[in-house]
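Engineer: Below you'll find the structure I mean.
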Amino acid sequence: MPTDSIRDAAFCDVLNRELVCALGCTEPIAVAYAAALASQTLGCEPDHMDVACSGNIIKNVKSVTVPNSGGMHGIEAAAVLGAVGGDAKSALEVLECVNDEDRARVAELLVDAGYCDVSLVEGVPNLYIKVTATAGGHTAVVEITDHHTNVTCHTLDGIPVCGKSAGECAACAERVVAERAADNADTPMSIESIIDFIEGGDIESARAAVERQIELNGAISAEGLAHAWGAEVGRTLLGARADDVACRARARAAAGSDARMNGCALPVAIVCGSGNQGITCVLPVMEYAEYLRCDHDRLVRAVILSDLIAVHIKSYIGALSAFCGAICAACGAGAAITWLCGGTREQIGATVSNTLGNVGGIVCDGAKASCAAKISAAVDAAILGCDMALADRGFRAGEGVVQDTVEETIAAMGYVGRVGMKDTDVEILNIMIGKTEVDA
Numbered sequence: 025m026p027t028d029s030i031r032d033a034a035f036c037d038v039l040n041r042e043l044v045c046a047l048g049c050t051e052p053i054a055v056a057y058a059a060a061l062a063s064q065t066l067g068c069e070p071d072h073m074d075v076a077c078s079g080n081i082i083k084n085v086k087s088v089t090v091p092n093s094g095g096m097h098g099i100e101a102a103a104v105l106g107a108v109g110g111d112a113k114s115a116l117e118v119l120e121c122v123n124d125e126d127r128a129r130v131a132e133l134l135v136d137a138g139y140c141d142v143s144l145v146e147g148v149p150n151l152y153i154k155v156t157a158t159a160g161g162h163t164a165v166v167e168i169t170d171h172h173t174n175v176t177c178h179t180l181d182g183i184p185v186c187g188k189s190a191g192e193c194a195a196c197a198e199r200v201v202a203e204r205a206a207d208n209a210d211t212p213m214s215i216e217s218i219i220d221f222i223e224g225g226d227i228e229s230a231r232a233a234v235e236r237q238i239e240l241n242g243a244i245s246a247e248g249l250a251h252a253w254g255a256e257v258g259r260t261l262l263g264a265r266a267d268d269v270a271c272r273a274r275a276r277a278a279a280g281s282d283a284r285m286n287g288c289a290l291p292v293a294i295v296c297g298s299g300n301q302g303i304t305c306v307l308p309v310m311e312y313a314e315y316l317r318c319d320h321d322r323l324v325r326a327v328i329l330s331d332l333i334a335v336h337i338k339s340y341i342g343a344l345s346a347f348c349g350a351i352c353a354a355c356g357a358g359a360a361i362t363w364l365c366g367g368t369r370e371q372i373g374a375t376v377s378n379t380l381g382n383v384g385g386i387v388c389d390g391a392k393a394s395c396a397a398k399i400s401a402a403v404d405a406a407i408l409g410c411d412m413a414l415a416d417r418g419f420r421a422g423e424g425v426v427q428d429t430v431e432e433t434i435a436a437m438g439y440v441g442r443v444g445m446k447d448t449d450v451e452i453l454n455i456m457i458g459k460t461e462v463d464a
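Note that the numbering used here has the sequence shown beginning at 25, numbered continuously upward.
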C-alpha cells in the first residue's frame, strides 16, 4: 500500500475512534455505563453498589449535572441512574432511554445514604472506575481503565463474563492499547502530516463521522444560545458583541458547553474523550467557515484539521490531568481558522505555538458550568494566535515553554501537563473534597 494510503487510512481510523457520540459529560456517563453493565450482569436492580474512582473521575463528576437526571449531580446519582435505567449497549449514550419512573426510583434510592458508597482509589490510572454491585447473593464487578468504555474487568461472582480470566481480560485491553500505539508509530502524527492529509488525502472513510460532529455539536450549541443553560456564557458573549465574528466563534463554542455541562439531553460527538473538546474543535471553525463563505467540503477538511491537531497535542498529556483539555481543542480550532483564511503551514504552526504560549497554564478543576468560560478564553487565545500568525508575529523560542519548532513546543507543553502538573492535580482534588483547607 502506498505511504499516503497508509497515512490516510490511519488518520481516518483515528477520527472514527475519536468521534463517538456521548450524552452529557463523559466522566459521569462512564460511571453510569459501568453501573448499567454491572446491573445488566446481575439481571436485576442492585441491592447495593460500591463505586471506586480515581481522583480525576471524582473531580470531573462532582459538580456537573448528570444528563437526563432531572438536575442531579455527583457520582452516586450517575451510578444509580445507570444501574436503574441505563442501557449498557448504548455505551456513552447509556442514559438516553431514562424515563420519569427511573428518575423517581433513583431519588428514592439516593435517600438511603448507604445504598451507593463512593471511594477514592489512589495509585491507579487517571481514568479509573470500578463498580461492584450486589443482589440476591450475587456480585458483579465492572472496571473501566484509561478510556471511557475500556472495560478491563467484567465478572459475575468472580467469574469473567467474557469467559476469559481477569488477567486475560487485562492483557487483551493492554494489547489493544499497544496495537493502537504501534499503528501511530507507523504513521507518526505531526502538524505537517495532518495538513498533508486534509489538503491532498482521502478523507472519505471519516467523512460521515465528521459530518455527524458538525450536525450534533452545532445542535447543542444552538440549544445553548436559545435557552438559559448554566451560567449562560455563550448568550452573554453573543449579547455583547454579536457583530464580531471572533466573539460569535467564542459564543457558539461556549454555548455548547453551557448546555452540556448543565444537563442538556442532546448528544455530542466527542474528541479526546471529551464532549467539550469535541465542541471546541468544531464550533469556532463552523462560524469562520460561514463568515468566509467556504464551501462544505472545505469546512469538513478544516474540522478534520482541528480534530487531529487536538488529538496530536492531547496525546502528549493523557486522558485526564490538571491541564485543561479545551486548550488542545482550541489550538486545533485556531489552526483550522488560519488554514481557512489561507495561512501558510508556518502560520498554522505559529498559531498553535502562540496559543500554547498564552493559555497553556489553564487548570482543570472539574467539569462544571465554568468550563464554558474556559472554552471562551481558550478560543479567544487561539484567534489571537491566528491573527498574530497571519501578521507574521509570534512568541519566540526561549520565551517560556515556546521552543524552536511547533512540534517541540507541543512536546514541552505536553510534558508540563503530564508530569509537571501531577501535584497540581492532587491539590485541586484535595481542595474540592475538603481535604485541604485554604486560609483566606
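Quick reminder that beta carbons are idealized off the backbone N, C-alpha and C, glycines included.
Nothing here was measured: the structure is a model prediction, and the numbers come from that model.
1. Exposed or buried, residue 251, counting other C-beta atoms within 10 Å across all chains shown (16 or more means buried)?
2. Any chance the stretch 387-407 sits against the stretch 68-88, with 3 or more Cβ pairs inside 8 Å?
3. Just how far apart, CA to CA, sit residue 69 and residue 104?
4. Would you decide whether residue 349 is buried or exposed? Buried here means 16 or more other CB atoms lie within 10 Å of its CB.
5. Return helix, strand or coil for residue 200, following the three-state DSSP convention.
6. Which value, in whole angstroms, describes the spacing of the CA atoms of residue 402 and residue 281?
7. Determine, using beta carbons only, whether residue 359 and residue 372 come nearer to each other than 9 Å.
8. Would you kindly check if the distance between the Cβ of residue 179 and the Cβ of residue 72 is under 9 Å?
9. Looking at the structure shown, is residue 434 part of a helix, part of a strand, or coil, going by DSSP?
10. Would DSSP call residue 461 helix, strand or coil?
11. List the endpoints of the continuous alpha helix (DSSP H) containing residue 308.
12. Please report how far the alpha carbon of residue 445 lies from the alpha carbon of residue 351, in whole angstroms.
13. So, helix, strand or coil for residue 346, using DSSP?
14. Closest by CA to residue 119, which one among 161, 47, 76 and 138?
15. How would you write the range of the beta strand (DSSP E) that residue 75 sits in, first residue to last?
16. Using the DSSP secondary-structure output, state which residues sit across from residue 295 in a beta bridge.
17. Among 458, 99, 430 and 108, which residue has its Cα nearest to the Cα of residue 66?
18. Determine the closest residue to residue 257 out of 327, 123 and 398, with distance taken between C-alpha atoms.
19. With a floor of 4 residues, list each alpha helix (DSSP H) that falls wholly inside the stretch 101-139, ordered by position along the chain.
20. Quickly, what does DSSP pair residue 144 with across the bridge? List them, please.
21. Check whether the Cβ atoms of residue 279 and residue 302 sit closer than 9 Å, and answer yes or no.
22. Using a 10 Å radius around the Cβ and a threshold of 16 neighbouring Cβ atoms, would you call residue 343 buried or exposed?
23. Just verifying my parser: in three-state terms, what is the DSSP assignment at residue 208?
24. On a Cα-Cα basis, can you pick out the residue from 345, 418, 361 and 434 that is closest to residue 149?
25. Pull up the distance between the alpha-carbon of residue 457 and that of residue 80, whole angstroms please.
26. Whole angstroms are fine: how far does the CA of residue 161 sit from the CA of residue 213?
Structural biologist: On the basis of the supplied data:
1. Locating residue 251 in the sequence shown gives position 227, counting from the first residue. Exposed, since its Cβ has fewer than 16 Cβ neighbours within 10 Å.
2. Yes: the two stretches touch, three or more of their Cβ pairs being nearer than 8 Å.
3. To locate residue 69, count along the sequence shown from 1; it is residue 45. To locate residue 104, count along the sequence shown from 1; it is residue 80. Their Cα atoms are separated by approximately 9 Å.
4. Position 325 of the sequence shown holds residue 349. By the neighbour-count criterion, in which 16 or more other beta carbons inside 10 Å mark a residue as buried, residue 349 falls on the buried side.
5. If you number the sequence shown from 1, residue 200 lands on position 176. Note on residue 200: pLDDT 47, under 50, position unreliable in the model; no value is reported.
6. What you label residue 402 is simply residue 378 of the sequence shown in a count that begins at 1. What you label residue 281 is simply residue 257 of the sequence shown in a count that begins at 1. If you draw a straight line from the Cα of residue 402 to the Cα of residue 281, it is about 13 Å long.
7. Position 335 of the sequence shown holds residue 359. Position 348 of the sequence shown holds residue 372. Yes, the pair counts as a contact, with Cβ atoms nearer than the cut-off.
8. Taking the first residue of the sequence shown as 1, we reach residue 72 at position 48. Taking the first residue of the sequence shown as 1, we reach residue 179 at position 155. Cβ distance not < 9 Å, so residue 72 and residue 179 don't count as in contact.
9. As a first step, residue 434 is located in the sequence shown; it is residue number 410 there, counting from the start. Three-state result, residue 434: helix.
10. The sequence position of residue 461 within the sequence shown is 437, counting from 1. The DSSP-derived three-state label of residue 461 is coil.
11. Start at 1 with the first residue of the sequence shown, and residue 308 comes out as number 284. Start and end: 299-315.
12. Translated into positions along the sequence shown, residue 445 becomes position 421. Translated into positions along the sequence shown, residue 351 becomes position 327. C-alpha separation (whole angstroms): 15 Å.
13. Here the question's residue 346 lines up with position 322 in the sequence shown. Coil.
14. Mapped onto the sequence shown, residue 119 falls at position 95. When each option's Cα is compared against that of residue 119, the closest is 47.
15. Position 51 of the sequence shown, counted from the first residue, corresponds to residue 75. Here the beta strand (DSSP E) through residue 75 covers 72-77.
16. Residue numbering aside, residue 295 sits at position 271 when the sequence shown is read from its first letter. Bridge partners of residue 295 according to DSSP: 298.
17. Counting from one through the sequence shown, the residue named residue 66 turns up at place 42. Of the candidates 458, 99, 430 and 108, 108 places its Cα closest to the Cα of residue 66.
18. Here residue 257 corresponds to residue number 233 of the sequence shown, with the count starting at 1. Among 327, 123 and 398, the Cα nearest to that of residue 257 is on 398.
19. Within the stretch 101-139, the runs of alpha helix (DSSP H) that reach at least 4 residues and sit entirely inside it are, in chain order, 124-135.
20. Within the sequence shown, the letter at position 120 stands for residue 144. In the DSSP assignment, residue 144 forms a beta bridge with 77.
21. By 1-based counting over the sequence shown, the position of residue 279 is 255. By 1-based counting over the sequence shown, the position of residue 302 is 278. No, the pair does not count as a contact, with Cβ atoms beyond the cut-off.
22. The count along the sequence shown starts at 1 and reaches residue 343 at position 319. Buried: at least 16 other Cβ atoms inside 10 Å.
23. Taking the sequence shown and counting its residues from 1, one reaches residue 208 at position 184. Confidence at residue 208 is low in this model, with a pLDDT of 49, below 50, so its placement is unreliable and the value that follows should be read with caution. Of the three classes helix, strand and coil, the one that applies to residue 208 here is helix, per DSSP.
24. The residue you call residue 149 lines up with position 125 of the sequence shown. When each option's Cα is compared against that of residue 149, the closest is 345.
25. Here residue 457 refers to the residue found at position 433 of the sequence shown. Here residue 80 refers to the residue found at position 56 of the sequence shown. About 12 Å.
26. The count along the sequence shown starts at 1 and reaches residue 213 at position 189. The count along the sequence shown starts at 1 and reaches residue 161 at position 137. Their Cα atoms are separated by approximately 50 Å.
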